[in-house]
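Going by our numbering, the first residue of the sequence shown is number -4, and it counts up by one from there. We put the CB at the ideal spot given by N, CA and C, even for glycine. Let me begin by presenting the structure, written as structure tokens, before commenting on it.
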Amino acid sequence: MTSVASVIAELEPALGPKGLLKDVDIATRPAWMGNGGEGSAPALLRPATTEELSTILRICHAHGQAVVPQGGLTGLVRATVTSGSTLALSLERMNRIEDIDPVNRTMTVQAGVPLQAVQEQAEAEGLMFPLDLGARGSATIGGNVATNAGGNRVIRYGMMRDNVLGLEAVLADGTVVSSLHPMIKNNTGYDLKQLFIGSEGTLGIVTRVVLRLRQLPRSQNVGFVAVPDFNRLTDLLRRIDAALGGTLSAFEVMWRDYYELVTTAPATNRKPVATDAPYYVLIESLGSDQAADEARFEAALSEMFEAGIIVDAAIAKSQSERDAIWAMRDDVGQNARHAPIQAFDVSLKLDDMEAYVAEVNERLQARWPKATNMVFGHLGDGNLHLITGVGDGSAEARHAVEEVIYGCLRPRGGSVSAEHGIGLEKKPWLSVSRSEPEIALMRALKQALDPKDILNPGKVF
Ligand SMILES: Cc1cc2nc3c(=O)[nH]c(=O)nc-3n(C[C@H](O)[C@H](O)[C@H](O)COP(=O)(O)OP(=O)(O)OC[C@H]3O[C@@H](n4cnc5c(N)ncnc54)[C@H](O)[C@@H]3O)c2cc1C
-4 MTSVASVIAE
6 LEPALGPKGL
16 LKDVDIATRP
26 AWMGNGGEGS
36 APALLRPATT
46 EELSTILRIC
56 HAHGQAVVPQ
66 GGLTGLVRAT
76 VTSGSTLALS
86 LERMNRIEDI
96 DPVNRTMTVQ
106 AGVPLQAVQE
116 QAEAEGLMFP
126 LDLGARGSAT
136 IGGNVATNAG
146 GNRVIRYGMM
156 RDNVLGLEAV
166 LADGTVVSSL
176 HPMIKNNTGY
186 DLKQLFIGSE
196 GTLGIVTRVV
206 LRLRQLPRSQ
216 NVGFVAVPDF
226 NRLTDLLRRI
236 DAALGGTLSA
246 FEVMWRDYYE
256 LVTTAPATNR
266 KPVATDAPYY
276 VLIESLGSDQ
286 AADEARFEAA
296 LSEMFEAGII
306 VDAAIAKSQS
316 ERDAIWAMRD
326 DVGQNARHAP
336 IQAFDVSLKL
346 DDMEAYVAEV
356 NERLQARWPK
366 ATNMVFGHLG
376 DGNLHLITGV
386 GDGSAEARHA
396 VEEVIYGCLR
406 PRGGSVSAEH
416 GIGLEKKPWL
426 SVSRSEPEIA
436 LMRALKQALD
446 PKDILNPGKV
456 F
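Dropping the structure here:
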């Protein structure tokens, strides 16, 4: 195999000084809240066009040179880690919104565009790109595609996969596969874009994407309710969905400990409801008529109250009150109080959740009596986030906690990653959620598309 220095020497004239940076400190590359990348790389490749990227991969493929794609570096599973001899690849210079088509309700963007820029551009046209997550200012569309990102409004609009109509990707050998179709319906053989969505940069580099836009809602109603037990929580989801007539857009649940954490000092969020309860829910509906939707929202919550499904409720009356309830839900940074912490993102059937969390707590506390476990999440999507505060921050402690979290998931057939992906972090646990034949098929796809294993090697499996 050629040395990385000679591959760089071959790439340099093709990319020019802006397209290839040497001596880049990966750890200080800008990322969410001052975080940086992880690892080191002899060069950062920054193509300005699909053609330049194709040249890069053709050269790297010829020499068996590994490349690690990096978007906004907000991923949470260590999927962008470089080793000293891998080249880092960023599409930060491919950051243009190329087209917005209000008739077909599509937007064509380059993969390096930040999610928030897409949301804002859509809104300026009276449209909406519904994918939303806390890292929206830094996360890129390419990263969102490669992780099949989820977020806050999946219950209504689906995950990234459901909001991509077409895409262009460059394969490991430099071949450009352009599948930039704008149609919702297109059953012409295999749906090739799905190969790349959620593949964490291991099957191809996503360069351009046709996004599906929706009509911008004209009303938003947000309520916050207290629920007396888990059975009533699942009842509430079913009944509120029916009562809101298809406008339910978020159903975010917090277990009591998380609610206390984000509403007590040093957190500055105020408690929307004072009643002590085991579960709290943020309910949001997006619709078309503020007055009529507000009346329906209030009537729905009254109905739940009268049926004894909820025991307290607050309804936001202004945009600032709506924002404050969402800000409380999103104030995950409060977990740092219990450092060292370990964050998990799992999914399982709704009717398994109560027993799952109870078993996790019991096993954590048996080993670490002072363990904390903050549970919250997109319950409407079967997705829980657990943030544990135990141990001494060592790799051994992390592994012991993982054994509890994933061990309790295994008999329930849950997923070790609901929306964050596998990366390096969850690689040892993939078999909890995927069978041998499934993993073998993944390997066969990898072998077919990237036989020399140059794209993000070592990630996922
Ligand atoms: C505060 C916060 C909140 C978050 N909330 C959510 C949430 O609610 N839901 C959720 O799903 N995630 C969430 N995340 C995780 C993260 O934001 C998403 O995974 C996001 O999609 C990653 O985008 P990125 O551009 O930062 O990608 P990166 O982190 O840079 O990369 C992620 C993966 O994508 C690959 N990749 C990047 N660009 C490309 C490309 N052009 N072609 C091929 N592969 C590529 C990388 O190799 C890597 O495997 C959150 C993160 C933070 C910090």
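What does a CB cutoff of less than 8 Å around residue 118 pick up in its chain, not counting 5 residues either side in sequence?
211
Element boundaries [beta strand (DSSP E), containing residue 203]
200 to 207
For residue 38, name the three-state secondary structure that DSSP assigns.
strand
Can you name the start and end residues of the beta strand (DSSP E) that residue 279 belongs to?
For residue 279, the uninterrupted beta strand (DSSP E) segment begins and ends at 274 to 282.
Report yes or no: do the stretch 84 to 95 and the stretch 171 to 184 share at least 3 C-beta pairs separated by less than 8 Å?
For the pair of segments examined, the stretch 84 to 95 was found not to touch the stretch 171 to 184: the number of CB pairs separated by less than 8 Å stays below three.
With 16 other Cβ atoms within 10 Å as the buried cut-off, status of residue 106
buried
Residues sharing a beta bridge with residue 250, DSSP
274
Spatial neighbours of residue 330 in its chain, beta-carbon cut-off 8 Å, leaving aside the 5 residues before and after:
256, 336, 338, 369, 382, 384
My understanding is that residue 91 touches residue 41, with C-beta atoms under 8 Å, so please give their C-beta distance in whole angstroms.
Taking a contact as a CB-CB distance under 8 Å, the pair residue 91 and residue 41 does not count as one, their CB atoms being some 14 Å apart.
Would you report the Cα separation of residue 357 and residue 252, rounded to the nearest angstrom?
15 Å
Which partner residues does residue 123 have in the DSSP bridge list?
According to the DSSP secondary-structure assignment, residue 123 is paired through a beta bridge with 209.
Measuring only the C-alpha atoms, how far is residue 100 from residue 162?
16 Å
Can you tell me whether residue 161 sits near ligand 1, meaning its C-beta is under 6 Å from at least one heavy atom of the ligand?
No; taking the cut-off as 6 Å, the Cβ of residue 161 has no heavy atom of ligand 1 nearer than that.
Given that a residue counts as buried once 16 or more other Cβ atoms are within 10 Å of its Cβ, and exposed if not, what is residue 247?
It is buried - the Cβ of residue 247 has at least 16 other Cβ atoms within 10 Å.
Comparing alpha-carbon positions, which option in 197, 228, 292, 226 lies nearest residue 241?
292
Under three-state DSSP, which class holds residue 193?
coil
Ligand 1 heavy atom lying under 6 Å from the CB of residue 382
no
Bridge partner(s) assigned by DSSP for residue 17:
38
Assign residue 155 to one of two classes, buried (16 or more other C-beta atoms within 10 Å of its C-beta) or exposed (fewer than that).
buried
Round the Cβ separation of residue 454 and residue 115 to the nearest angstrom and send it over; I've been treating them as touching at under 8 Å.
Actually they are not in contact, since the Cβ atoms of residue 454 and residue 115 sit about 31 Å apart, beyond 8 Å.
Report whether the distance from the Cβ of residue 201 to the nearest heavy atom of ligand 1 is below 6 Å.
yes
Buried or exposed for residue 65, going by 16 or more other Cβ atoms inside 10 Å?
It counts as buried.
Indicate whether the contact test is met: 3 or more Cβ pairs, each with one atom in the stretch 132 to 139 and one in the stretch 165 to 175, closer than 8 Å.
no
When the Cβ atoms of the stretch 317 to 329 are set against those of the stretch 217 to 224, are three or more pairs found closer than 8 Å?
yes
Take residue 15 and list the residues in its own chain whose beta-carbon comes closer than 8 Å to its own, dropping the five residues that flank it on each side.
3, 6, 7, 38, 39, 40, 41
In whole angstroms, give me the CA-to-CA distance for residue 33 and residue 69.
11 Å
Could you tell me the distance, in whole angstroms, from the CA atom of residue 290 to the CA atom of residue 18?
60 Å
For a test of the three-state rule: what should DSSP assign to residue 297, helix, strand or coil?
helix
In chain order, each alpha helix (DSSP H) run of at least 4 residues that lies wholly inside the stretch 70 to 127
Secondary structure within the stretch 70 to 127: the alpha helix (DSSP H) runs of 4 or more consecutive residues, fully enclosed, are 110 to 119 (chain order).
Ligand 1 and residue 65: does any heavy atom of the ligand fall closer than 6 Å to the residue's C-beta?
yes
C-beta contact flag for residue 61 and residue 449 at 7 Å
Going by C-beta atoms, residue 61 is nearer than 7 Å to residue 449.
For the putative contact between residue 498 and residue 45, defined by C-beta atoms under 8 Å, what is the C-beta separation to the nearest angstrom?
Limits of the chain in this structure are -4 at one end and 456 at the other, which puts residue 498 out of reach.
In the DSSP assignment, find the unbroken beta strand (DSSP E) run with residue 383 in it and report its ends.
Per DSSP, residue 383 is one residue of the beta strand (DSSP E) stretching across 378 to 384.
Counting along the chain, where does the beta strand (DSSP E) carrying residue 160 start and finish?
Note, residue 160: beta strand (DSSP E), 159 to 165.
Bridge partners of residue 64, per DSSP?
84
For residue 277, which of 263, 428, 285, 254 has the nearest alpha-carbon?
For the residues 263, 428, 285, 254, the minimum Cα distance to residue 277 belongs to 254.
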